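K.L.:
To convert, count from 1 in the sequence shown and add 13; that's this note's numbering. All C-beta atoms, glycine included, are put in the ideal place defined by N, C-alpha and C. The structure presented is a predicted model; accordingly, all values stated were derived computationally and were not measured. My questions will all concern the structure given below.
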Amino acid sequence: MTSRAAGGQLLRLAINGYGRIGRSVLRALYESQLTDRLRVVAINEPAEIHRMAHLTRYDSTHGRFPGQVEVNGGQLQINNDSIATHHFEQVEELDWATPGVDLVLECSGSFSSRSEAERHLARGAGAVLFSQPAAADVDATVVYGYNHRQILATHRILSAASCSTNAVVPVIDAIERAFGVEHGVITTIHSAMNDQPVIDAYHHTDLRKTRSAMHSIIPIETGLARGIDRVMPALAGRFQAQAMRVPTMNVSVIDLSIVLCCDVNEAAVNAALLSASQDGYCGVLGYTEEPLASCDFNHDQHSAIVDASQTRVAGKRLAKILVWFDNEWGYANRMLDVAAYCQSVGVGG
Ligand SMILES: NC(=O)c1ccc[n+]([C@@H]2O[C@H](COP(=O)([O-])OP(=O)(O)OC[C@H]3O[C@@H](n4cnc5c(N)ncnc54)[C@H](OP(=O)(O)O)[C@@H]3O)[C@@H](O)[C@H]2O)c1
């Protein structure tokens, strides 16, 4: 067994589920400054290795991989790094001990409970980070930039929350600090995902997810309000949320309406958000006044970008804010940021 990371040493990662998020995380690592702190040593994905390599090299959304991708026996060779690949659906068939996996990035979408994460630990992993909201009894649910410092070296099972939670929490926090929040409603307008069919099919038990992703604007269940309650307990019960999927490949937008505790105008709301983007949320929250469209945010690594041109205030206390986010790339970068924080405090080591 390869030796594990102690706090501050290289953290050895495995990716379980090499789909949109799994591949985005791998690629984001090679486009980041984190390769001296994080290394992917193993990937588990049902698809066989040549298809994994092909979809690593060529990506319809993010373009060609900026490096060498080769297959060498059962290893995926990325530049000079060899990554062992496995093709199991059952966690029990995996061996995370031999490659010395410190942290499994659980990106399959198939698992979300503590007991399912414990199956990875039983196979030798040091810790697990879910790429989605998980059960309430995980050690911590973190939105990087807001509460990731809650992570302790003793934690073993973590969730990086959802992409929309990562997008909206920094904005709500900035507004709460500046003006106070009474309550709010949120609409997430989200690009299509792989849990929808291209044309109508028996793809999902959720009947709306049996409908063509290319053809309709589709309302969809969302746990965003619960996610806010969990990571911002002081604001619990103050938000409601809706979501809909739209026929675009990537980039989503949040329409956030908040009743504030004091009188505001549009300039004051934008000033508070600009300040947050430059200060406490630098690198996590972006800000633009340009007349942009969703495609302009593709491959943007922020969790959210405030579109200041769309801020509105009705009466004196109802503020409406538009926030863009690359649901794949922004989130993949936050998974890496959380993993790097785990490395700094010694999670999984
Ligand atoms: N896409 C986004 O914008 C986004 C953003 C944030 C969070 N997330 C979350 O991240 C998770 C993955 O989403 P995604 O968009 O990446 O989905 P995806 O593209 O469908 O990728 C999931 C991959 O995991 C594989 N898989 C399924 N069961 C597995 C198992 N038991 N063991 C190992 N691999 C398995 C799938 O293979 P098969 O196709 O053969 O089943 C697929 O290749 C979901 O929970 C999602 O909510 C997604």
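If distances are taken between C-alpha atoms only, which option among 293, 75 and 138 comes closest to residue 312?
P.N.:
Reading the sequence shown from its first residue, position 299 is the one you call residue 312. It is 75.
K.L.:
Return yes when the C-beta of residue 308 is under 6 Å from any heavy atom of ligand 1, and no when it is not.
P.N.:
Against the sequence shown, residue 308 aligns to sequence position 295. Residue 308: no, Cβ never under 6 Å from ligand 1.
K.L.:
Using the three-state DSSP reduction, which class does residue 228 fall into: helix, strand or coil?
P.N.:
By 1-based counting over the sequence shown, the position of residue 228 is 215. In this structure, residue 228 counts as coil in the three-state DSSP scheme.
K.L.:
Less than 6 Å separating the Cβ of residue 121 from some heavy atom of ligand 1?
P.N.:
Locating residue 121 in the sequence shown gives position 108, counting from the first residue. It does: the Cβ of residue 121 is within 6 Å (strictly closer) of some heavy atom of ligand 1.
K.L.:
Report, in whole angstroms, the separation of the C-beta atoms of residue 349 and residue 47, which I expect to be a contact under 8 Å.
P.N.:
Translated into the one-based positions of the sequence shown, residue 349 becomes position 336. Translated into the one-based positions of the sequence shown, residue 47 becomes position 34. With a Cβ gap of about 6 Å, residue 349 and residue 47 count as contacting.
K.L.:
So, under 8 Å CB-CB, residue 336 and residue 266 are touching, yes? Tell me the CB distance rounded to an integer number of Å.
P.N.:
Residue 336 sits at position 323 when you count from the first residue of the sequence shown. Residue 266 sits at position 253 when you count from the first residue of the sequence shown. Confirmed, Cβ separation roughly 7 Å.
K.L.:
Using C-beta distances below 7 Å, list every residue in its chain close to residue 347, excluding the 5 sequence neighbours before and after it, in chain order.
P.N.:
On the sequence shown, residue 347 is found 334 positions in, with the first residue counted as 1. Excluding sequence neighbours, residue 347 sits near 157, 173, 179 and 316.
K.L.:
Using a Cβ-Cβ cut-off of 6 Å (strictly less than) and excluding sequence neighbours within five positions of residue 29, which residues of its own chain qualify?
P.N.:
Walking along the sequence shown from the start, residue 29 turns up at place 16. These residues qualify, in order along the chain: 57, 117, 119 and 121.
K.L.:
Can you give me the start and stop residues for the alpha helix (DSSP H) that residue 342 sits inside?
P.N.:
Looking up residue 342 in the sequence shown gives position 329. Taken as a continuous stretch (DSSP letters only), the alpha helix (DSSP H) holding residue 342 covers 342-358.
K.L.:
So residue 107 packs on residue 100, CB below 8 Å; how close in whole Å?
P.N.:
Here residue 107 refers to the residue found at position 94 of the sequence shown. Here residue 100 refers to the residue found at position 87 of the sequence shown. Not a contact, Cβ separation roughly 10 Å.
K.L.:
Is it right to say residue 211 is buried, meaning 16 or more other beta carbons lie within 10 angstroms of its own, or is it exposed?
P.N.:
For the purposes of this step, residue 211 is identified with residue 198 of the sequence shown, where counting begins at 1. When all chains shown are included, residue 211 counts as exposed.
K.L.:
Can you check which of these residues, 296, 325 and 306, is closest to residue 343 by C-alpha distance?
P.N.:
Your numbering for residue 343 matches position 330 in the sequence shown. Considering only alpha carbons, the answer is 296.
K.L.:
When you compare the CB of residue 153 with every CB in chain D, is at least one pair closer than 7 Å?
P.N.:
Here there is only one protein chain, and chain D is not present.
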